[in-house]
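These protein sequence lines are chains L and G, in that order. First residue of the first sequence: 8, per my numbering; consecutive thereafter. First residue of the second sequence: 8, per my numbering; consecutive thereafter. This report concerns only the one structure given below.
Number of protein chains: 2
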Amino acid sequence: MTEDNVVYVGNKPAMNYVLAVSTQFTRNAKEVVIKARGRAISRAVDVAEIVRNRFIPEAKVKDIKIGTEEVTTEDGKTVRLSSIEIVLEK
Amino acid sequence: MTEDNVVYVGNKPAMNYVLAVSTQFTRNAKEVVIKARGRAISRAVDVAEIVRNRFIPEAKVKDIKIGTEEVTTEDGKTVRLSSIEIVLEK
Numbered sequence: 008m009t010e011d012n013v014v015y016v017g018n019k020p021a022m023n024y025v026l027a028v029s030t031q032f033t034r035n036a037k038e039v040v041i042k043a044r045g046r047a048i049s050r051a052v053d054v055a056e057i058v059r060n061r062f063i064p065e066a067k068v069k070d071i072k073i074g075t076e077e078v079t080t081e082d083g084k085t086v087r088l089s090s091i092e093i094v095l096e097k
Numbered sequence: 008m009t010e011d012n013v014v015y016v017g018n019k020p021a022m023n024y025v026l027a028v029s030t031q032f033t034r035n036a037k038e039v040v041i042k043a044r045g046r047a048i049s050r051a052v053d054v055a056e057i058v059r060n061r062f063i064p065e066a067k068v069k070d071i072k073i074g075t076e077e078v079t080t081e082d083g084k085t086v087r088l089s090s091i092e093i094v095l096e097k
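This is the structure in structure tokens:
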């Protein structure tokens, strides 16, 4: 779920990822990148907002990027999914 | 669904909103703002990406903001919802 300062948001409850992001900041990360694709994008925004509003009030949104990624499914099809990358900094 | 240069993304298929945004650009809007709340946030990103990749290739993402809005439901409860605002410019 985490790797360096990146948190990948998937289908678990938002609070799991909120804790992952907050933990990185409390370990003195200056920046944490929240990434998600497809339907998890809404949850990634929730995660960023909950971290800022409730856990790490000094965290700011440094940058937000959106894009399109090609993903190969288990049955070999290629689908295009929107993606988001939210950079929080303390 | 549209008002000035704002397109509110809700629960309809993404293509409805893609057409609304593209129409505004073909009517010479310089900027179109795509707004969504809650689960529609993922769809708003899809809309921006489809417009840029397929319909208005010269459109660029000028700015993306996220926030939290308090919404009063039909039964009088107040809920907090994440929101997104994507500004596309041509």
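Backbone N, C-alpha and C fix where the C-beta goes; we use that ideal spot for every residue, glycine too. In this text, all values refer to a predicted model and were calculated from it rather than measured experimentally.
So is residue 17 of chain L in contact with chain C if we call contact Cβ pairs under 8 Å?
Within the model displayed, chain C is absent; protein chains L and G are what it includes.
Beta carbons nearer than 7 Å to chain G: which residues of the region 44–65 of chain L have them?
45, 46, 48, 49, 52, 53, 55, 56 and 60
Checking contacts by CB at 8 Å: is residue 29 of chain L closer than that to chain G?
Here the question's residue 29 of chain L lines up with position 22 in the first sequence. No - not a single Cβ of chain G is within 8 Å of the one on residue 29 of chain L.
Output the boundary residues of the beta strand (DSSP E) element that contains residue 85 of chain G.
Against the second sequence, residue 85 of chain G aligns to sequence position 78. Looking at the DSSP string, the run of the beta strand (DSSP E) that includes residue 85 of chain G is 85–96.
To which residues of the same chain is residue 29 of chain G closer than 7 Å at the C-beta, ignoring the five residues directly before and after it?
As a position in the second sequence, residue 29 of chain G is number 22, starting the count at 1. So the list reads 58, 62 and 63, once near-sequence residues are dropped.
Return the residue from the list G/39, G/88, G/70 and G/56 that minimises the CA-CA distance to residue 21 of chain G.
Taking the first residue of the second sequence as 1, we reach residue 21 of chain G at position 14. The shortest Cα separation from residue 21 of chain G among G/39, G/88, G/70 and G/56 belongs to G/56.
Is residue 79 of chain G helix, strand or coil when you go by DSSP?
Here residue 79 of chain G is taken as the residue at index 72 of the second sequence, counted from 1. Residue 79 of chain G carries a strand assignment under DSSP once its states are collapsed to helix, strand and coil.
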